[in-house]
Amino acid sequence: MAKKNEEYALKDPVTGSVVTMDYASSDERSARDELLNSFRDSPIPDHSVLANLGLHLTSKTFSRLLFMNEFYKMGLDVMGQVFDFGTRWGHNMAIFTACRGMYEPFNRHRKIVGFDTFGGFPTVITAEDGQSEMMDVGNISVTEDYKPYLEKHLERLEKDNALPHLKKFELMQGDASETIKTYFADNPHALVSHAFFDFDLYKPTRDCLEAVWERAPKGAVFGFDEINDEDSPGETQALMEIVGISSIKLQKFPWVSRVSYFVKD
366 MAKKNEEYAL KDPVTGSVVT MDYASSDERS ARDELLNSFR DSPIPDHSVL
416 ANLGLHLTSK TFSRLLFMNE FYKMGLDVMG QVFDFGTRWG HNMAIFTACR
466 GMYEPFNRHR KIVGFDTFGG FPTVITAEDG QSEMMDVGNI SVTEDYKPYL
516 EKHLERLEKD NALPHLKKFE LMQGDASETI KTYFADNPHA LVSHAFFDFD
566 LYKPTRDCLE AVWERAPKGA VFGFDEINDE DSPGETQALM EIVGISSIKL
616 QKFPWVSRVS YFVKD
């Protein structure tokens, strides 16, 4: 069967693997390329670069930041840890670290835990995952040896906040259907205040959602990147099977179209 939406699959020029599904027009892509060149050619001196990263924010990127900020705030009064399923480059991990540093800098119990293969989609692509061009083993990967870089980067971010001597994050590499079991076996005390899902795939989403559900108290916040998405139907299927759509109020914010959330009640 032919793959769907092939024309929107953005591929790595070297490996040929799909790195993302991009529905932007050619003009929008050209504008992004120009913004990237502007970022690389910035005349801003080193001592002022980090303080001026907002100069390079697009509305799409900013909307994502706003969502993650609100997502984090909704679970502030809930006991538990933050789980990031499908960490990839670590964007969410960095945002959650900043949110913790702003809203509850001395909460050493609000650990942030990321799950990813750091090697793209695993060997199991199920029928529930659909026929998008994106759905193939090894797609949506990261660069070689990226996990050590991300680990060190998150350590540096923690040093810029309170309690820098305490490590308050963890990266779990491998098939999340298995590593989630390992994490809870090693951390039987762990509860879930926030869980954000961005696996794109049915099986790890289903398995991890099932694993965290019993550890999530009322008020815990669940977020999803691909619900109601033709390219990743498995995420919707997993939510329907484990939680049930009619039993929750699945919401979105007006400034971001694809990301949704609900609060457990």
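Going by the working numbering, the first residue of the sequence shown is number 366, and it counts up by one from there.
Think of the CB as a built atom: it goes at the ideal place given N, C-alpha and C, for glycine as much as any other residue.
Spatial distance of residue 584 from residue 469 (CA atoms): Along the sequence shown, one-based indexing puts residue 584 at 219. Along the sequence shown, one-based indexing puts residue 469 at 104. Spanning the two alpha carbons is a distance of roughly 17 Å.
Sub-7 Å separation of residue 527 and residue 448 beta-carbons: Reading the sequence shown from its first residue, position 162 is the one you call residue 527. Reading the sequence shown from its first residue, position 83 is the one you call residue 448. No, these two residues do not count as a Cβ contact at 7 Å.
Validate contact between the region 513-529 and the region 458-475 using beta carbons, cut 8 Å, 3 pairs: yes
Proximity winner among 416, 390, 421 and 532, relative to residue 405 (alpha-carbon distances): Position 40 of the sequence shown, counted from the first residue, corresponds to residue 405. Ranking the options by Cα distance to residue 405, first place goes to 421.
Unbroken stretches of the beta strand (DSSP E), 3 residues or longer, contained in the region 531-604: 534-538, 557-562 and 586-589
Under the three-state DSSP convention, the category residue 375 falls into: Within the sequence shown, numbered from 1, the residue matching residue 375 stands at position 10. Strand, per DSSP.
Check whether residue 572 and residue 597 have beta carbons under 7 Å apart: What you label residue 572 is simply residue 207 of the sequence shown in a count that begins at 1. What you label residue 597 is simply residue 232 of the sequence shown in a count that begins at 1. Going by C-beta atoms, residue 572 is not nearer than 7 Å to residue 597.
Test item: CB-CB of residue 508 and residue 479 under 7 Å: Locating residue 508 in the sequence shown gives position 143, counting from the first residue. Locating residue 479 in the sequence shown gives position 114, counting from the first residue. Cβ distance not < 7 Å, so residue 508 and residue 479 don't count as in contact.
Validate contact between the region 497-507 and the region 470-477 using beta carbons, cut 8 Å, 3 pairs: no
Selection from 570, 594 and 595 that minimises the alpha carbon distance to residue 587: To locate residue 587, count along the sequence shown from 1; it is residue 222. When each option's Cα is compared against that of residue 587, the closest is 570.
Rounded straight-line distance, which links the Cα of residue 599 to that of residue 566: Within the sequence shown, numbered from 1, the residue matching residue 566 stands at position 201. Within the sequence shown, numbered from 1, the residue matching residue 599 stands at position 234. Roughly 5 Å between the two C-alpha positions.
Environment of residue 445 [buried if 16+ CB atoms lie within 10 Å]: Your numbering for residue 445 matches position 80 in the sequence shown. The residue in question, residue 445, is buried, as its Cβ has 16 or more Cβ neighbours within 10 Å.
Beta carbon of residue 618 nearer than 7 Å to that of residue 427: The sequence position of residue 618 within the sequence shown is 253, counting from 1. The sequence position of residue 427 within the sequence shown is 62, counting from 1. Cβ distance not < 7 Å, so residue 618 and residue 427 don't count as in contact.
For residue 481, the residue or residues it bridges with in DSSP: For the purposes of this step, residue 481 is identified with residue 116 of the sequence shown, where counting begins at 1. Residue 481 pairs with 538.
Reduced DSSP secondary structure (H/G/I, E/B, other) of residue 614: The count along the sequence shown starts at 1 and reaches residue 614 at position 249. Residue 614 falls in the coil class under three-state DSSP.
C-beta atoms of residue 409 and residue 402 nearer than 7 Å: The sequence position of residue 409 within the sequence shown is 44, counting from 1. The sequence position of residue 402 within the sequence shown is 37, counting from 1. Contact: no.
Given residue 609 as reference, the closest of 574, 582 and 621 once Cα atoms are compared: Position 244 of the sequence shown, counted from the first residue, corresponds to residue 609. Here the closest residue by C-alpha is 574.
Residue of 613, 604 and 533 minimising C-alpha distance to residue 590: Stepping through the sequence shown from its first residue, residue 590 is reached at position 225. Out of 613, 604 and 533, 604 has the C-alpha closest to the C-alpha of residue 590.
Same chain, Cβ closer than 7 Å to residue 568, five either side skipped, listed in chain order: Here the question's residue 568 lines up with position 203 in the sequence shown. The residues are 489, 491 and 542.
Check whether residue 436 and residue 477 have beta carbons under 7 Å apart: In the sequence shown, counting from the first residue as 1, residue 436 sits at position 71. In the sequence shown, counting from the first residue as 1, residue 477 sits at position 112. No, the Cβ-Cβ distance between residue 436 and residue 477 is not below 7 Å.
Exposure of residue 576, with buried meaning 16 or more beta-carbon neighbours within 10 Å: By 1-based counting over the sequence shown, the position of residue 576 is 211. By the neighbour-count rule (16 or more Cβ atoms within 10 Å), residue 576 is buried.
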